[in-house]
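Engineer: Can you keep this structure in mind? I'll have questions shortly.
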Amino acid sequence: MLAKRYQEHGDRTAAHELVTSHLRLVAKIAMGYRGYGLPVADLISEGNVGLMQGVKKFEPDRGFRLATYAMWWIKASMQEFILRSWSLVKMGTTSAQKKLFFNLRRMKKQLEAYEDSDLSAADVTKIATDLGVPEQEVINMNRRMMMGGDGSLNTPMRGGEEGSGEWQDWLADDRPLQDETVAETQETQLRMEMLSEAMQSLNERERHILTERRLSDKPQTLEELSQAYDVSRERIRQIEVRAFEKLQKAMHRIAGERLLPGVA
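Residue numbers (the working numbering): 8 to 271.
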């Protein structure tokens, strides 16, 4: 068994075969995310990163199928890419906010609400309750999505193969399978470790400003931080942007180091 060979002996050939045999799965999932207006080739590239990470973490003795286990990693990688790429200043950093971003369109459809219109008070309450987020966040997110980003979330899927369904069909079910739960726990731990390591590439001021602006559940304003550091708001904004760019580069470097060497 290929997975056994890689887990027990670090067989790179086996790992390569596992990855290449699931590339069609990555492409199929990527086609489901076309509604975000991002190049399919980029989605596939990000999905391949998730696939390689899934292969690396897969434990065949648990009785899970690799395809099912890896699917969560592929989706997570693509979703993170979409969040990074969408031209909104801040989509949200908590898991609840991300869940809102990736499920709002589907829930509006279930509630028979028009995609390009505001939500009724009752619909806002229903969505907020189901997803565990404040009602104001639902209102704000809906308005952002109506305005669109690099690619509008309301862009219909075109040219999809028969029976492929819509992009939301590929999102994770709210009732996670056991193997998906295991993968999510491992992925969350990995990302926290990578983020902690990447933050060390910033100086103390950059870490504090970036944390307060983008990584906090209650972000501070530019004005608040400018007063704390006795500099202009524009200066705080510049530091934030520079720190975020440094953090992204560090995260990409660390992710590359943790992926399977020689498997691409």
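C-beta: ideal position from N, C-alpha, C; glycine also.
The model shown is predicted, which means the values in this text are computed figures rather than measured ones.
#1: Kindly list the residues whose CB is nearer than 8 Å to the CB of A37, restricted to its own chain and excluding five residues on each side of it in sequence; keep chain order.
#2: Using the beta-carbon count (16 or more within 10 Å), is D73 buried or exposed?
#3: Between which residues of its own chain and A250 is the CB-CB distance below 7 Å, once the five residues before and five after are set aside?
#4: Could you work out which residue in K225, L254, E231 is closest to M206 when comparing CA atoms only?
#5: Distance, Cα to Cα, A34 vs R41?
#6: For L118, collect the residues of the same chain with a Cβ closer than 6 Å to its Cβ; drop the 5 residues on either side in sequence, then sort them by chain order.
#7: What number of angstroms, rounded off, separates the C-alpha of S233 from the C-alpha of A103?
#8: In chain order, which alpha helix (DSSP H) runs of at least 4 residues are fully inside the stretch 211-258?
#9: According to DSSP, simplified to helix, strand and coil, what is R72?
#10: In angstroms with no decimal places, state the Cα-to-Cα distance between D125 and N147.
#11: Per DSSP, what kind of secondary structure is L138 in: helix, strand or coil?
#12: Among the candidates F65, R260, R150, whose CA atom is the shortest distance from the CA of M201?
#13: Nearest-angstrom Cα distance between I134 and F109?
#14: Which of the three DSSP states, helix, strand or coil, is assigned to P46?
#15: Sort F71, T75, K105 by Cα distance to E87 and report the nearest one.
#16: Which whole-angstrom value is the C-beta distance of R240 and E230, which I expect to be below 8 Å?
#17: Taking the beta carbon of M199 as the centre, do at least 16 other beta carbons fall within 10 Å, making it buried, or is it exposed?
Structural biologist: Short version:
#1: V47, L50, I51, G54, M85
#2: Per the sequence shown, the amino acid found at residue 73 is Leu instead of Asp. It is buried - the Cβ of L73 has at least 16 other Cβ atoms within 10 Å.
#3: L209, E213, I216, L217
#4: L254
#5: 11 Å
#6: D130
#7: 29 Å
#8: 211-217, 229-236
#9: coil
#10: 10 Å
#11: helix
#12: R260
#13: 12 Å
#14: coil
#15: K105
#16: 6 Å
#17: exposed
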